[in-house]
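Structure first, commentary second.
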Amino acid sequence: MNIQFNINYQTYYGQELVLSIITGRHNGVNETSQYRMHTLDGYHWSVEVRKDVKPGTQIDYFYSVLRGDNEERKEWSVMCHQLNFDAERGLNYCVYDHWSDIPEDAYLYSSAIADCVVGKKQEKVKLNNFNKSVTLKVRAPQLRADDQLYLIGAEPALGAWNEKKALKMTQHNINEWMVTIDGAKLASSHLEVKFFIKNKADNDAIVWEYSDNRVVELPPMDEGDVMVYELDEAFFPLPAVRIAGTLVPVFSLRSEYSFGIGDFGDLKKMIDWVSLTQQRALQILPINDTTITHTWTDSYPYSCISIFALHPQYVDLNALPALKDKEQRDKFEALRKELNALPQIDYERVNDAKTEYLRLLFEQEGQKVLTSDAFKAFFIETESWLVPYAQYCYMRDKNGTADFSRWSDHNQWDEAERKQLSSPKEKAYKEVAFFYYVQYILSSQLKAVHEYAQAHKVILKGDIPIGVNRYGCDVWAQPRYFNLNGQAGAPPDDFSVNGQNWGFPTYNWEEMISDGCKWWIRRFQNMSKYFDAYRIDHVLGFFRIWEIPISSVHGLLGQFAPSLGMSREEIEGYGLHWQEELFTEPFITDWILDRVFREHADEVRQKYVEHIWGDRYKMRPAFDTQRKVEKAFAGKTSDTDVWIRDGLYSLISDVLFVRDHKDPNRFHPRISVQFAFIYESLYDSDKAVFNRLYNDYYYRRNNQFWYQEAMKKLPKLVNATRMLVCAEDLGMVPDCVAWVMNELRILSLEIQSMPKDPHVRFGHLGQNPYRSVSTISTHDMATLRQWWDEDWARAQDYFNSMLHRGGPAPHPLPGWLARDIVSRHLTSPSMLCILGIQDWMSIDETLRLADPDAERINIPANPKHYWRYRMHVSIEELMKNKDFNGQVIDLINQAGR
Numbered sequence: 001m002n003i004q005f006n007i008n009y010q011t012y013y014g015q016e017l018v019l020s021i022i023t024g025r026h027n028g029v030n031e032t033s034q035y036r037m038h039t040l041d042g043y044h045w046s047v048e049v050r051k052d053v054k055p056g057t058q059i060d061y062f063y064s065v066l067r068g069d070n071e072e073r074k075e076w077s078v079m080c081h082q083l084n085f086d087a088e089r090g091l092n093y094c095v096y097d098h099w100s101d102i103p104e105d106a107y108l109y110s111s112a113i114a115d116c117v118v119g120k121k122q123e124k125v126k127l128n129n130f131n132k133s134v135t136l137k138v139r140a141p142q143l144r145a146d147d148q149l150y151l152i153g154a155e156p157a158l159g160a161w162n163e164k165k166a167l168k169m170t171q172h173n174i175n176e177w178m179v180t181i182d183g184a185k186l187a188s189s190h191l192e193v194k195f196f197i198k199n200k201a202d203n204d205a206i207v208w209e210y211s212d213n214r215v216v217e218l219p220p221m222d223e224g225d226v227m228v229y230e231l232d233e234a235f236f237p238l239p240a241v242r243i244a245g246t247l248v249p250v251f252s253l254r255s256e257y258s259f260g261i262g263d264f265g266d267l268k269k270m271i272d273w274v275s276l277t278q279q280r281a282l283q284i285l286p287i288n289d290t291t292i293t294h295t296w297t298d299s300y301p302y303s304c305i306s307i308f309a310l311h312p313q314y315v316d317l318n319a320l321p322a323l324k325d326k327e328q329r330d331k332f333e334a335l336r337k338e339l340n341a342l343p344q345i346d347y348e349r350v351n352d353a354k355t356e357y358l359r360l361l362f363e364q365e366g367q368k369v370l371t372s373d374a375f376k377a378f379f380i381e382t383e384s385w386l387v388p389y390a391q392y393c394y395m396r397d398k399n400g401t402a403d404f405s406r407w408s409d410h411n412q413w414d415e416a417e418r419k420q421l422s423s424p425k426e427k428a429y430k431e432v433a434f435f436y437y438v439q440y441i442l443s444s445q446l447k448a449v450h451e452y453a454q455a456h457k458v459i460l461k462g463d464i465p466i467g468v469n470r471y472g473c474d475v476w477a478q479p480r481y482f483n484l485n486g487q488a489g490a491p492p493d494d495f496s497v498n499g500q501n502w503g504f505p506t507y508n509w510e511e512m513i514s515d516g517c518k519w520w521i522r523r524f525q526n527m528s529k530y531f532d533a534y535r536i537d538h539v540l541g542f543f544r545i546w547e548i549p550i551s552s553v554h555g556l557l558g559q560f561a562p563s564l565g566m567s568r569e570e571i572e573g574y575g576l577h578w579q580e581e582l583f584t585e586p587f588i589t590d591w592i593l594d595r596v597f598r599e600h601a602d603e604v605r606q607k608y609v610e611h612i613w614g615d616r617y618k619m620r621p622a623f624d625t626q627r628k629v630e631k632a633f634a635g636k637t638s639d640t641d642v643w644i645r646d647g648l649y650s651l652i653s654d655v656l657f658v659r660d661h662k663d664p665n666r667f668h669p670r671i672s673v674q675f676a677f678i679y680e681s682l683y684d685s686d687k688a689v690f691n692r693l694y695n696d697y698y699y700r701r702n703n704q705f706w707y708q709e710a711m712k713k714l715p716k717l718v719n720a721t722r723m724l725v726c727a728e729d730l731g732m733v734p735d736c737v738a739w740v741m742n743e744l745r746i747l748s749l750e751i752q753s754m755p756k757d758p759h760v761r762f763g764h765l766g767q768n769p770y771r772s773v774s775t776i777s778t779h780d781m782a783t784l785r786q787w788w789d790e791d792w793a794r795a796q797d798y799f800n801s802m803l804h805r806g807g808p809a810p811h812p813l814p815g816w817l818a819r820d821i822v823s824r825h826l827t828s829p830s831m832l833c834i835l836g837i838q839d840w841m842s843i844d845e846t847l848r849l850a851d852p853d854a855e856r857i858n859i860p861a862n863p864k865h866y867w868r869y870r871m872h873v874s875i876e877e878l879m880k881n882k883d884f885n886g887q888v889i890d891l892i893n894q895a896g897r
């Protein structure tokens, strides 16, 4: 069969178009056959392809722009072109396409909207036996599940503008409809057509597309010719999708049958409540395995040891076969009731108990499970990451530490061992088989939850952490992707005045980009097995990460990586005389020591610093980094010790410029240095010069550079799946972040108390962009009730200026006022309004927790925070609370969500 592909695309000298026909998929990457196209004018491109195809089959394909052998640009790859061979007599296909960039309404093609909320189903294309065929295709993403698209035109074969004779179209692809017309019945080569919708529930109501009539000019056709026209997307005057949802960590869920912590069984029950209250989204925090020490410090869900493995604590034991030993059954049931009655999670006892239970169950059921066809299919699908992960877990537990540099052997994954670890007869396999078994159970249960959510038209939204644990399996197995001499974190913000040091290694982006970001693509595609939407944690990290030296405890000595450091000459060009030692070494003087340490100043002079000249000092070698100070004060918790330790930390970070981590001749103004003593010591004229330099550096200098860095990575990841992409874009946000997010159609995060506009104290909800997620608080913030009482002056300002109410603001926050705040967020233009379960409950004074401080999930300023918040009511009780559920339903209906 001969297929001619045609597309109009304006190119420039040196550019050419390439057609890529998808022939298969390997490790999540499309395999293609490529065909270079031809043009006479640089605009009209075509290529002929000879291909053996059978009627009833289809091919997917896309176009890209090449300059030489380098791909400069390609189409939106989430939705490729699709050609159906529906003509039994078709010999020559002539296809006319449009270049497809990511559309403004890309969200309507996501699995979150198309598959979950709308529940659209594709239909099989019927074959025809026309001698000549004309196929018209159009994308119409606004249609609901029970809407039917029709084509009508002036030709009698197209209904002659009689709506009852219009042609019914077939949804052959996601949001794409087609109809094939008998070319022999067309009286004219000039086709004038239009699309309209009929709803199956109301067949008389017609919604016409919002455009002029469309015109298609047909060329002369011979027997066996098939003309295929891809038309511009249809637009209808229909309301935009707006969705309400709930955020709750899985570990925080509580049901009558939980084992002291929320699990995947509880997640199903939470979907029931979300569906009952007419919400359409349920967002959770990361659920990857974080087991490093087997202690409560592993409770931090953003420090995963594997980007693929799920945390064993989330296994639903109720969904597994019962233990046959009655004594063991009774013991675990008694323990379950005890742990489940606790107000908060006892992380260590819960995980120890679940691990013990799973090991007993593995002895009882493991052999049967590992020999099942379902497990074998799972193993083949996940082997690339599962085998290293299982060996890592075995070695971690065998050596009593996750620090693989301290293991006696296997300090790095050896690919040569995969065969032994994959063969059931080998000793190595038997040593790690338990970890295979646990991950199989977890994956099976979470997939069942995902299917359950889709069946209930609920979007399950996951969370992709920006970092991984430096002692985790990912670093152990693929160290080339990481920079272990740095620590990822965040610059100072409302959460932490010293910045945040997460301790994660930073990424070696050069290595990741060199292989097409396969590590990230596999990660996102694995997520799509379980979720239909996701939150990119700290999306700023894809532009630049806050990289902190390994010798630092706080984040103040960090620098953005990558970023364009400044030369001495550039700094002097601003008018600041360069003094390298003064600007880059800790600024320590007598007046500083007296101010920081007061009555302990002499002790610090004698023990921790040494005199240089005049009133200047430097840190003694034993204490010249924050890590050395941390080690010296380990275990010392008295007020005086903490005072001196924190004072020494501040001395070490008291520099005006930080030397670039890679180029010692480049410098970065130290973040928030305006609060440091070195800045205080400058002349006012030098302060003004420095402030201009500082603002240029942090808000203008790197914008284009960071834009280019993000565009090397994010398009590949966003286009790797059909999940709806949301991003956490809070913090020190450069202008280029909005450029990229708009270009890639990523939903932003809008929090009224943290407005993006630096000129206002509170954001105006009515100005939220449609492509955004509106919320009151995140897991890193105080809940609404806490926020209200933290700062009475701020709450009063909000009460008067945002809620437009007079008089003093009431404290504590009454339920009726919380309801008003929730209502205002729901009525915002944002596509998604997702509220934490605590903020939902704040509207009901009879339901919400008595102590608002007990609702806090995380305190970012405390790197040792214990993540143990649990809902104080069970999901079963929540389902029965008709009054509260009625309030939620009313608020959602009133907001038109």
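Residues in the sequence shown are numbered from 1 upward in steps of one, following the UniProt record's numbering.
Even glycine gets a Cβ: it sits at the ideal position worked out from N, Cα and C.
Since this is a predicted model, take the numbers as computed values, not measurements.
Bridge partners of glycine 24 according to DSSP: Glu31. For lysine 74, the enclosing beta strand (DSSP E) covers residues 70-74. The three-state reading of DSSP puts phenylalanine 259 in coil, since its state is none of H, G, I, E or B. Per DSSP, reduced to three states, the secondary structure at isoleucine 197 is strand. Our two residues, asparagine 6 and alanine 455, have alpha carbons roughly 40 Å apart in a direct line. The segment 751-770 and the segment 546-557 do not touch, with fewer than three beta-carbon pairs separated by less than 8 Å. Within 10 angstroms of the beta-carbon of phenylalanine 62 lie 16 or more other beta-carbons, which makes it buried.
The C-beta distance from glutamine 344 to arginine 868 rounds to 4 Å, short enough to fall under 8 Å. Membership of histidine 450 in the alpha helix (DSSP H) is indicated by the continuous run 427-455. For lysine 132, the secondary structure class from DSSP, reduced to helix, strand or coil, is coil.
Taken in chain order, the complete beta strand (DSSP E) segments of 3 residues or longer contained in the segment 809-863 are 832-836.
Beyond the five residues adjoining it in sequence on each side, tryptophan 792 comes within less than 8 Å, by CB distance, of Ala809, His811 in the same chain, given in chain order. Under the three-state reduction of DSSP output, methionine 741 falls in the helix class. In chain order, Ile21, Leu83 place their CB closer than 6 Å to the CB of isoleucine 59, counting only its own chain and leaving out the 5 sequence neighbours on each side.
By the CB criterion at 7 Å, tyrosine 481 and glutamate 511 fall inside the cutoff.
According to the DSSP assignment, aspartate 182 belongs to no alpha helix (DSSP H) but to the beta strand (DSSP E) extending over 176-182.
From the listed residues Asp663, Ile588, Gln500, Pro492, the smallest Cα separation to serine 567 is found for Asp663. Distance from leucine 136 to methionine 178 at the Cβ level is roughly 7 Å; contact confirmed, criterion being Cβ atoms closer than 8 Å.
Glycine 262 places its beta carbon 7 Å or farther from that of asparagine 340.
About 14 Å separates the CB atoms of tryptophan 739 and arginine 544; that is not less than 8 Å, and the two are not in contact.
In this chain, the alpha helix (DSSP H) harbouring cysteine 393 covers 373-399. Annotation: tyrosine 35 to glycine 68 spans about 14 Å, alpha carbon to alpha carbon. Counted as a single uninterrupted DSSP element, the beta strand (DSSP E) harbouring lysine 618 occupies residues 616-619.
In this structure, isoleucine 3 sits near valine 49, with a CB-CB distance shorter than 7 Å.
Assigned with DSSP and collapsed to three states, asparagine 162 falls in coil, not helix or strand. At least 7 Å separates the beta-carbon of methionine 169 from that of leucine 143.
As summarised for the segment 212-261, the continuous beta strand (DSSP E) elements at least 3 residues long and confined to that stretch are 214-217, 225-230, 243-247, given in chain order. Secondary structure at arginine 659: strand, using DSSP grouped into helix, strand and coil. With a cutoff of 7 Å on beta-carbon distance, aspartate 590 and aspartate 624 are scored as not near each other. For the options Arg73, Leu556, Ile521, Leu442, the alpha carbon positioned closest to that of asparagine 498 is the one of Leu556.
Of the candidates Val760, Ile776, Gln328, Glu845, Val760 places its Cα closest to the Cα of aspartate 797. Cβ-Cβ separation between arginine 418 and valine 438: approximately 19 Å, too far for a contact (criterion under 8 Å). In the structure shown, cysteine 94 falls within a strand segment according to DSSP collapsed to helix, strand and coil. Bridge pairing for leucine 17: Val65 [DSSP]. Residue pairing for valine 315: DSSP places it in no beta bridge. Secondary structure note for threonine 297: it is in no beta strand (DSSP E), with a DSSP letter that is neither H nor E.
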